[in-house]
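Numbering (the numbering used here), first residue to last: 9 to 280.
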């Protein structure tokens with residue numbers, strides 16, 4: 009285990025104490041570091057037999073997210089329930105309004121909650137952290153409506169502290185970049201379909217193979233807009249011809265580099 013600063017340790021102890029007020033817990037396990045830390049803390053608090061994990065298998069998710077959720081559940085020794093869901097069958101999600109995240113989160117959590125009740129779990133948790141509370145996240149309304157609790161936010165654990173604690177606990181995804189669902193790559197109002205999701209997944213897999221770790225490919229009809237940190241622009245330009253050729257093969261006519269660089273949630277910039 010790595011060294012831990014006193015503030016993070018205090019918050020960790022608060023998290024454990026908070027979780028110990030429950031007999032059994034279900035965790036919406038996304039494959040990311042936040043929900044993985046919640047699951048690890050729940051196991052420490054209650055024991056692995058008192059914790060169940062649930063993950064959604066969706067065309068809007070990168071396939072490796074489900075694999076990461078499976079890996080975390082296996083390491084922690086908890087049962088993982090994999091729940092198939094195609095959100096594109098739902099008009100309120102497919103049409104991609106500004107409240108899409110709310111509709112999607114509500115549908116996912118309803119599915120998970122139904123499964124958790126069948127397995128005897130009454131309280132469901134997610135991985136929302138303290139930093140998420142200051143971001144535009146309409147999905148939080150769904151958490152409140154369905155009674156899903158966010159213990160990281162409750163005890164004030166930030167994203168940086170999540171990573172520090174996850175590394176301390178030996179969680180393999182501790183340094184994994186945040187990976188929102190593929191729907192977040194589309195401007196609001198542009199319909200999302202399976203073909204367009206495939207184009208984005210294809211383009212982002214190319215960047216991953218080429219060595220980029222923090223990036224997004226945004227969908228603008230015939231244009232693929234690449235976001236990487238500004239200090240990696242040279243890396244893009246050196247591989248310019250290969251990037252253009254391979255991303256065009258994903259179904260785009262034009263490939264652009266966003267000079268503002270990588271920023272999470274850039275599709276929300278017109279809303280806030």
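Where is the CB? At the ideal position from N, CA and C, for every residue including glycine. It should be emphasised that the depicted structure is a prediction, and the values quoted were computed from it without experimental measurement.
Buried or exposed (CB count within 10 angstroms, at least 16 for buried), residue i
i	result
residue 264	exposed
residue 261	exposed
residue 216	exposed
residue 11	exposed
residue 168	exposed
residue 242	exposed
residue 121	buried
residue 104	buried
residue 267	exposed
residue 126	exposed
residue 193	buried
Range of the contiguous alpha helix (DSSP H) that encloses residue i
i	result
residue 125	108 to 126
residue 100	99 to 102
residue 69	Run containing residue 69: none; DSSP gives neither H nor E here.
residue 42	41 to 54
residue 242	241 to 246
residue 15	14 to 27
Range of the contiguous beta strand (DSSP E) that encloses residue i
i	result
residue 231	231 to 235
residue 63	59 to 65
residue 87	87 to 92
residue 36	33 to 36
residue 264	262 to 265
residue 226	224 to 228
Closest residue to residue i among the options (Cα-Cα distance)
i	options	result
residue 253	277, 211, 270, 18	211
residue 255	119, 232, 277	232
residue 52	40, 183, 26	26
residue 136	41, 62, 64, 116	41
residue 18	181, 202, 194, 170	170
residue 22	238, 31, 49	49
residue 236	124, 200, 24, 274	274
residue 224	88, 190, 83, 230	190
Inter-residue spacing [alpha-carbon to alpha-carbon] between residue i and residue j
i	j	result
residue 106	residue 196	6 Å
residue 244	residue 140	30 Å
residue 173	residue 47	12 Å
residue 60	residue 188	23 Å
residue 180	residue 63	17 Å
residue 90	residue 43	15 Å
residue 74	residue 248	31 Å
residue 165	residue 16	8 Å
residue 65	residue 250	31 Å
Short CB-CB distance (under 9 Å) between residue i and chain D
i	result
residue 47	The chain labelled as chain D is not found in the depicted structure, where only one protein chain is given.
Cβ-heavy atom distance, residue i to the ligand GDP, below 8 Å
i	result
residue 203	Of the ligands one can find in the structure shown there are none, so the ligand GDP has no counterpart to examine.
Please list the segments of the alpha helix (DSSP H) lying wholly inside the region 154 to 220, counting only runs of 4 or more residues, in order along the chain. 159 to 162, 167 to 176, 202 to 217
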